[in-house]
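Reviewing the structure listed below.
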Amino acid sequence: MSALVILVLKWLAVLLVSALAAGIGYERFSRWRLERRAFVGKTFVEIDGKPLHYVKKGQGAITVVFQSGMGSSHAIWQEIQDRIAKDAVTIAYDRNGLLFSEATGRPITNDQATEELTQLLEKTGCPKPYILVGHSMAGSYLRPFIDRHAADIAGIVFIEAAHPQQQAKASPGLRRALAVPPRWLIATAVNTGVYRALFSFVPLSPDIPRSHPLHALEKGFFYRSWEKALEELANEDLNFQDAGRYGDFGAIPLTVIKGTAENRYAAIKSLAVRAEYRKLVDDSQTDLLQLSSNSRFVEALNSGHVPQIRDRELVIGEIRGVLARR
30 MSALVILVLK
40 WLAVLLVSAL
50 AAGIGYERFS
60 RWRLERRAFV
70 GKTFVEIDGK
80 PLHYVKKGQG
90 AITVVFQSGM
100 GSSHAIWQEI
110 QDRIAKDAVT
120 IAYDRNGLLF
130 SEATGRPITN
140 DQATEELTQL
150 LEKTGCPKPY
160 ILVGHSMAGS
170 YLRPFIDRHA
180 ADIAGIVFIE
190 AAHPQQQAKA
200 SPGLRRALAV
210 PPRWLIATAV
220 NTGVYRALFS
230 FVPLSPDIPR
240 SHPLHALEKG
250 FFYRSWEKAL
260 EELANEDLNF
270 QDAGRYGDFG
280 AIPLTVIKGT
290 AENRYAAIKS
300 LAVRAEYRKL
310 VDDSQTDLLQ
320 LSSNSRFVEA
330 LNSGHVPQIR
340 DRELVIGEIR
350 GVLARR
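Under our numbering, the sequence shown has 261 at position 232, and the numbering climbs by one with no breaks.
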């Protein structure tokens, strides 16, 4: 190897180390700046010995309970909650280990999520009956709660809710197409500022514009949530199996909202896998209607997997429709 090549390699190594050091410094400064005021004005309740963050708004004799999807926080409901709080008590929260809630060390299971939610509702004095509004993986996390508290539930709104069989029915090709990067890569990106820098220019989701406040919040505080989000993903199959053990909801009013926009499939290059994914979504969302003898199906035409942003008015209207039938 020539002296020139060795010199070039040394300089490249110096540049790489310098870039990593700069990225780590940038990330630490960003976290310090965010956390100076992150917890000001926030409300918490102690569950399993750790503070769990929640947002409770509104008044009335009924509570609209918002449960977020995998790795997601209370903030995805903020605009919807603000509007629904004019008609009822509302509560949204961060599951333990996500955003402003401290991790308890307990693994995420449907039972654990139900216990956590039950304690939250009791400790915050939320009136019964409840209307449950669940997004994505909440379709699994809420199954034990619905089973155990059916008499206290006035209605359920599932938004792009997970189906217990959706993973089992997916081909290996589809599962690969939807897989997230390995843990070591995510950890490196988060701790060196790469994640923060990248998503300053790229949307977190096709459904969440970079200009939306949710984008800035989730990008900014992802360092607090990423480990729990990966834990939830790792336990996904077990929670789907568990969710399949529960029966239907009887005559509890159920609304199933499905996003129909093509943006949810755009990242999948294979046309065959894309077609499989579309059919799986259509079939699973339609099948969820069988959970109640009093169900209705609604399409969110402007959204893929996150109708809470682009089809916010539709979601608000459906929740108010359940409230009006009380």
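All C-beta atoms, glycine included, are put in the ideal place defined by N, C-alpha and C.
Sequence-distant residues of the same chain with beta carbon closer than 6 Å to residue i, five excluded per side
i, result
"residue 340", "329, 331 and 332"
"residue 106", "95 and 121"
"residue 219", "252 and 255"
"residue 113", "93, 119 and 348"
"residue 102", "123, 127 and 128"
"residue 177", "none"
"residue 166", "98, 99 and 191"
"residue 300", "none"
Cβ shell of residue i (< 8 Å), same chain only, five flanking positions each side left out
i, result
"residue 216", "255"
"residue 319", "277"
"residue 168", "187, 190, 191, 192, 272 and 317"
"residue 260", "126, 136 and 137"
"residue 89", "116, 117, 118 and 156"
"residue 76", "125, 133, 145, 148, 149 and 152"
"residue 307", "294"
"residue 131", "79, 80, 81 and 125"
"residue 309", "195, 198, 199 and 203"
"residue 264", "136, 137 and 138"
"residue 72", "82, 83, 84 and 85"
"residue 305", "199, 200, 202 and 203"
"residue 58", "none"
Bounding residues of the alpha helix (DSSP H) (the contiguous stretch that carries residue i)
i, result
"residue 170", "167-170"
"residue 324", "Careful: residue 324 lies outside any alpha helix (DSSP H), inside the beta strand (DSSP E) at 324-329."
"residue 129", "Careful: residue 129 lies outside any alpha helix (DSSP H) and carries neither H nor E."
"residue 270", "265-272"
"residue 244", "242-249"
"residue 220", "212-220"
"residue 181", "Looking at the DSSP string, residue 181 is not in any alpha helix (DSSP H), and its letter there is neither H nor E."
"residue 303", "300-317"
"residue 140", "139-152"
"residue 224", "223-227"
"residue 205", "201-207"
"residue 352", "341-353"
Continuous beta strand (DSSP E) stretch holding residue i: start and end
i, result
"residue 81", "79-86"
"residue 96", "92-96"
"residue 113", "Counting along the chain, residue 113 falls outside any beta strand (DSSP E), though it belongs to the alpha helix (DSSP H) covering 107-113."
Close Cβ partners of residue i (< 7 Å) along its chain, the five nearest in sequence each way excluded
i, result
"residue 109", "337, 341, 344 and 345"
"residue 262", "99 and 209"
"residue 239", "232"
Test item: CB-CB of residue i and residue j under 8 Å
i, j, result
"residue 155", "residue 92", "yes"
"residue 159", "residue 142", "no"
"residue 335", "residue 234", "yes"
"residue 104", "residue 246", "yes"
"residue 297", "residue 206", "yes"
"residue 223", "residue 54", "no"
"residue 228", "residue 248", "yes"
"residue 179", "residue 279", "yes"
"residue 183", "residue 60", "no"
Cβ distance (whole Å) where residue i is taken to contact residue j below 8 Å
i, j, result
"residue 324", "residue 283", "4 Å"
"residue 149", "residue 84", "Rounded, the Cβ-Cβ distance is 11 Å, inconsistent with contact."
"residue 287", "residue 314", "4 Å"
"residue 225", "residue 56", "6 Å"
"residue 275", "residue 173", "7 Å"
"residue 185", "residue 161", "5 Å"
For residue i: DSSP bridge partner residues
i, result
"residue 186", "162 and 284"
"residue 73", "82"
"residue 119", "86 and 93"
"residue 332", "None; residue 332 has no bridge partner."
"residue 234", "237"
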